[in-house]
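In the numbering used here, the protein residues as written are 10 to 563.
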């Protein structure tokens, strides 16, 4: 497969996957759907990417108070008992070489179950013993929630494992959230193992530190470098940065069989090309090699962000290499594990200036997005496959690349024909509009799917959204200006800003309808509910398409 085809396939998979990520999709009623134990550490090498984790637990509390996230990995990816887990990790550490690196600012560590990759990770983690580290930034890939050109940081305050709780560095996270590339995306951290798997290892060797968990999606190179600049401006001499990644996933179950003979030797050679470029700090060379070979290195973007952060005098040194094929003796399916040390220190940084997170667009950008929405839905209807859609011939400006939530609304004969969107950004605006145009046409459960002959009668409206922000009181909600998200217990619902105005509702009536939409009593909003607001820039096609009158009259 060519480099271009591999890259396109990876992006298509991310885009299509986003179409079915129900936790991120919301229909507008002008309701927001809220959404086999194995021996400890025995998760398959690299993790089963489509398999959900056990339900994570979060200790809920009002905004500004403690919210403790209890890791779902215990008893599956590693031992569930405190004593057993400590002994397991101590065994790995004791077996790792005691060769101290004088100055250390980062690590690259694997993230499979400890049975598979714990020994390799220990080669890096042992380097942390007796070091004064105040903050650990862990960057890992998203295996389950589709994300594109964006990173997610969590909203909880503490992370709990069998070894105890670790506080998150909320100030550092708040500074990241000033940038549109860092969002709090629902369910990402609750379902992701690549970051949480590192925490017990860190707890066992560090006395007192704060954690910054970051889950990254599929990043283009400009975003890799931008995240590196943002993080590089915030870290200091007492910060450790960990990039979490396994290396090549080989075998039919991973969809990657570049060779069938001399598998151990060929795997080592294949991984070696990526390892060499990583040790050379060659970001473009590392990513080019993955594109050229198709090497299935799941944390390539996490490693890329670390490389983008590195000062000129930093060095990357390989510490250990292992494969699950060697561990089991079964080379039909194998995952490679590597540990690396980043030698050096973080220089004093200058925090990056956050760009204004505005939803506004120029008239030309609005027209291009409307054209893109129509072209995307038409293309999918014509070719009858989701992967057929490609960006229309429009100019992708910085504003269209900015991560943003958006809704796409379809009208026919003045009546709603479909409306779906995402409030929390998970990708660039133009990609969001492409995905939600298809969702509004095909996946709004209130209507039958749009058919190709209808397209001339369809009018398209787009609402681009500002980031969500919490409000302390309903008195802060402005009818006609704010879209509103209500959350109470496990239920929630959303109205776009234009809903109340179109219906002629005042604030109390709006909140009563919003409570009903969430499946709650009409007065449920009055006590114990939390609210977030956002604003929207709404624009649409002015006139029906040619043939709309005839189509609408049939």
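All residues carry an ideal CB built from backbone N, CA and C; glycine is no exception.
Throw me the rounded Cβ distance for the residue i and residue j pair, which I believe falls under 8 Å.
i	j	result
residue 194	residue 432	Their Cβ separation, rounded to whole angstroms, is 10 Å, which puts residue 194 and residue 432 out of contact at 8 Å.
residue 474	residue 548	That belief does not hold up - the Cβ atoms of residue 474 and residue 548 are roughly 13 Å apart, past 8 Å.
residue 387	residue 464	6 Å
residue 296	residue 309	7 Å
residue 160	residue 181	Contact doesn't hold; Cβ gap of about 13 Å is too wide.
residue 134	residue 218	So it is not a contact: roughly 13 Å between Cβ atoms.
residue 157	residue 437	7 Å
residue 497	residue 466	No, residue 497 and residue 466 are not in contact; Cβ-Cβ is about 39 Å, not under 8 Å.
residue 486	residue 416	At roughly 19 Å, the Cβ-Cβ gap does not stay under 8 Å, so residue 486 and residue 416 are not in contact.
residue 510	residue 489	5 Å
residue 276	residue 343	6 Å
residue 411	residue 459	Not confirmed; about 28 Å, so no contact.
residue 2	residue 210	In the structure as shown, the chain begins at 10 and stops at 563. Residue 2 is therefore absent and cannot be evaluated.
Buried or exposed: where does residue i fall if 16 or more other Cβ atoms within 10 Å of its Cβ makes it buried?
i	result
residue 183	exposed
residue 421	buried
residue 551	exposed
residue 484	exposed
residue 126	buried
residue 409	buried
residue 138	exposed
residue 545	buried
residue 271	exposed
residue 235	buried
residue 269	exposed
residue 301	exposed
residue 369	exposed
residue 213	buried
residue 530	exposed
residue 199	buried
residue 404	exposed
residue 303	buried
residue 215	buried
residue 378	buried
residue 513	exposed
residue 424	exposed
Quick one: does the C-beta of residue i sit closer than 7 Å to a heavy atom of the ligand NAD?
i	result
residue 291	As far as ligands go, the structure on display features none, and thus does not contain the ligand NAD.
Does DSSP put residue i in a helix, a strand or coil?
i	result
residue 338	coil
residue 481	coil
residue 258	strand
residue 58	Reliability of the predicted coordinates at residue 58 is poor, the pLDDT of 41 falling under 50, and the value obtained from them is presented with this limitation in mind. Residue 58: coil per DSSP, three-state reduction.
residue 119	coil
residue 8	The displayed coordinates of the chain run from 10 to 563. Any statement about residue 8 would go beyond what the structure contains.
residue 413	coil
residue 391	helix
residue 297	helix
residue 421	strand
residue 333	helix
residue 437	strand
residue 142	coil
residue 129	helix
residue 99	helix
residue 536	coil
residue 134	helix
residue 377	helix
residue 362	coil
residue 426	strand
residue 402	coil
residue 312	helix
residue 237	helix
residue 148	strand
residue 348	strand
I'd like to know whether the C-beta of residue i is nearer than 8 Å to at least one C-beta of chain D.
i	result
residue 537	Note that chain D does not occur in the displayed structure, where there is just one protein chain.
Problem set entry | Three-pair Cβ contact test at 8 Å for the region 250-266 versus the region 113-122 | Two segments are said to touch when three or more pairs of C-beta atoms, one from each, lie closer than 8 Å; by this definition the region 250-266 touches the region 113-122.
Exercise. Within the chosen definition, does the region 75-84 reach the region 166-186 through at least 3 CB pairs nearer than 8 Å?
Worked result: yes
Exercise. What are the start and end residues of each continuous beta strand (DSSP E) run of 3 or more residues lying completely inside the region 462-515, in chain order?
Worked result: 467-474, 478-480, 492-497, 500-504
Exercise. Taking one C-beta from the region 131-150 and one from the region 223-235 each time, how about it: are there three or more such pairs within less than 8 Å?
Worked result: yes
For this session: Flag this pair as touching only if the region 174-188 and the region 83-92 have three or more C-beta atom pairs under 8 Å; answer yes or no.
Result: no
Problem set entry | Contact between the region 335-346 and the region 309-324 (3+ Cβ pairs under 8 Å) | Touching, no, given that fewer than three Cβ pairs across the two stretches are closer than 8 Å.
Exercise. What are the uninterrupted segments assigned as beta strand (DSSP E) that are 3 or more residues long and contained completely in the region 246-293, given in chain order?
Worked result: 248-253, 258-260
For this session: Decide if the region 281-298 is in contact with the region 319-334; the criterion is three or more beta carbon pairs, one per stretch, under 8 Å apart.
Result: yes
For this session: Would you be able to state if there are at least three C-beta pairs under 8 Å between the region 353-365 and the region 234-243?
Result: With contact defined as three or more Cβ pairs closer than 8 Å, the region 234-243 and the region 353-365 are in contact.
Exercise. Pairing CB atoms from the region 450-469 with CB atoms from the region 515-529, are three or more of them under 8 Å?
Worked result: no
Problem set entry | Inside the region 165-198 only - beta strand (DSSP E) runs reaching at least 3 residues | 167-170, 173-176
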